[in-house]
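K.L.:
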Amino acid sequence: MGNLKISALLLFAMATLHCGISESMDYIEGNCNEVIKLPCKATDRTTTYRYAMWYKMKDIPIIKRKKREYTNYTNSTSFFLGENETLEVHNVQPSDSGEYKCYLAADVGSQNYYSFIKLNVSASECLDVSTVYPSTTNPVYCPVVEELTVHWAVIGLSLFSMAKIILCIVAVGQARTIAKNGRWSDNN
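Under mature numbering (1 follows the signal peptide of the UniProt record, and there is no 0), residues -22 to -1, 1 to 166 are what the sequence shown spells out, in order.
(1) Below 8 Å between beta carbons: does that hold for Ser75 and Asn98?
(2) With DSSP run on the structure shown, which of helix, strand or coil describes Asn9?
(3) When you compare each of Val150, Asn159, Gln89 to Val128 by their alpha carbons, which one comes out closest?
(4) Compute the Euclidean distance between the alpha carbons of Met3 and Lys96, then round it to the nearest angstrom.
(5) Can you give the Cα-Cα distance for Thr26 and Ala157, rounded to whole angstroms?
(6) DSSP three-state label for Ile(-2), please.
(7) What's the call for Trp32, buried or exposed, on a 16-neighbour Cβ count within 10 Å?
(8) Whole angstroms is fine: what's the gap from Lys45's alpha carbon to Asn9's?
(9) Could you check if Leu135 is buried or exposed, using at least 16 other CB atoms within 10 Å of its CB as the buried criterion?
(10) Enumerate, from N- to C-terminal direction, the unbroken alpha helix (DSSP H) stretches of 4 or more residues contained entirely within the segment 20 to 75.
(11) With distance defined between alpha-carbon atoms, name the residue in Ala30, Glu63, Pro17, Cys104 nearest to Ser73.
(12) Once the 5 residues before and after Asp85 are set aside, which same chain residues still bring their CB inside 8 Å of it?
(13) Buried or exposed for Ala20, please, with buried defined as at least 16 other CB atoms from any protein chain shown within 10 angstroms of its CB.
(14) In terms of residue numbering, what span does the beta strand (DSSP E) encompassing Val86 cover?
(15) Per DSSP, which one or two residues make a beta bridge with Phe94?
Pasting the structure below:
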């Protein structure tokens, strides 16, 4: 019965830990051909970083600013970085809808920061004003190395610690049974 209470307590602790570290996501609505500004909330947590980078759908790089140099990873000219690393999307289309990630790479020994924001562009009354030119070039691919965040490290270490605690409880219970009966028993 005691093990059941401990298991319930551990499950509650894990649920609390998970809810405590989950981040909420901001949501922005837009209409076709507007200029939409997606704020980087990570700049609220730090002012010192090596570079800022925006991704679409977590791992597709869009634009990067390192010092005063910009790198655009798309063939589109509709993405710009504004003040406080705000991503400006010009002439938005429904295809621009999705989840965006602002990533601030910290100096060595410091913590990286990131924030997420979701954009939804309404398809009603949408006219495509862009000119499409045939292209034979392959899009630039930038491999993304996702760094281990503190949140995931805490979750992993917490799960590992809880597994150790559960194994210790079971081992102590079996040791008590052996000490009491003088033999090993699978019933307890």
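Don't be surprised by glycine CBs; every beta carbon is placed ideally from N, CA and C.
P.N.:
On the basis of the data shown:
(1) One-based indexing of the sequence shown puts residue 75 at position 97. One-based indexing of the sequence shown puts residue 98 at position 120. Contact flag set, yes.
(2) If you number the sequence shown from 1, residue 9 lands on position 31. Judged by DSSP in its simplified three-state form, Asn9 adopts strand.
(3) In the sequence shown, counting from the first residue as 1, residue 128 sits at position 150. The candidate whose alpha carbon is nearest that of Val128 is Gln89.
(4) Position 25 of the sequence shown, counted from the start, is the residue given in the question as residue 3. Position 118 of the sequence shown, counted from the start, is the residue given in the question as residue 96. Roughly 7 Å between the two C-alpha positions.
(5) Start at 1 with the first residue of the sequence shown, and residue 26 comes out as number 48. Start at 1 with the first residue of the sequence shown, and residue 157 comes out as number 179. So the alpha carbons of these two residues sit roughly 60 Å apart.
(6) Here residue -2 refers to the residue found at position 21 of the sequence shown. Note that Ile(-2) scores 45 on pLDDT, short of 50, meaning its location in the model is unreliable; the coordinates nonetheless yield the value given after this. Of the three classes helix, strand and coil, the one that applies to Ile(-2) here is helix, per DSSP.
(7) Within the sequence shown, the letter at position 54 stands for residue 32. With 16 or more other Cβ atoms within 10 Å, it is buried.
(8) Taking the sequence shown and counting its residues from 1, one reaches residue 45 at position 67. Taking the sequence shown and counting its residues from 1, one reaches residue 9 at position 31. Roughly 32 Å between the two C-alpha positions.
(9) The residue you call residue 135 lines up with position 157 of the sequence shown. Leu135 is exposed by the Cβ-count criterion.
(10) none
(11) The residue given as residue 73 occupies position 95 in the sequence shown. Selected option, being the one with the closest Cα: Cys104.
(12) What you label residue 85 is simply residue 107 of the sequence shown in a count that begins at 1. Excluding residues within five positions, the ones whose Cβ falls inside 8 Å are Thr26, Tyr27, Arg28.
(13) Along the sequence shown, one-based indexing puts residue 20 at 42. Ala20 should be labelled buried.
(14) Locating residue 86 in the sequence shown gives position 108, counting from the first residue. Taken as a continuous stretch (DSSP letters only), Val86 belongs to no beta strand (DSSP E), as it is neither H nor E.
(15) As a first step, residue 94 must be located in the sequence shown, where it is residue number 116. Per DSSP, Lys79.
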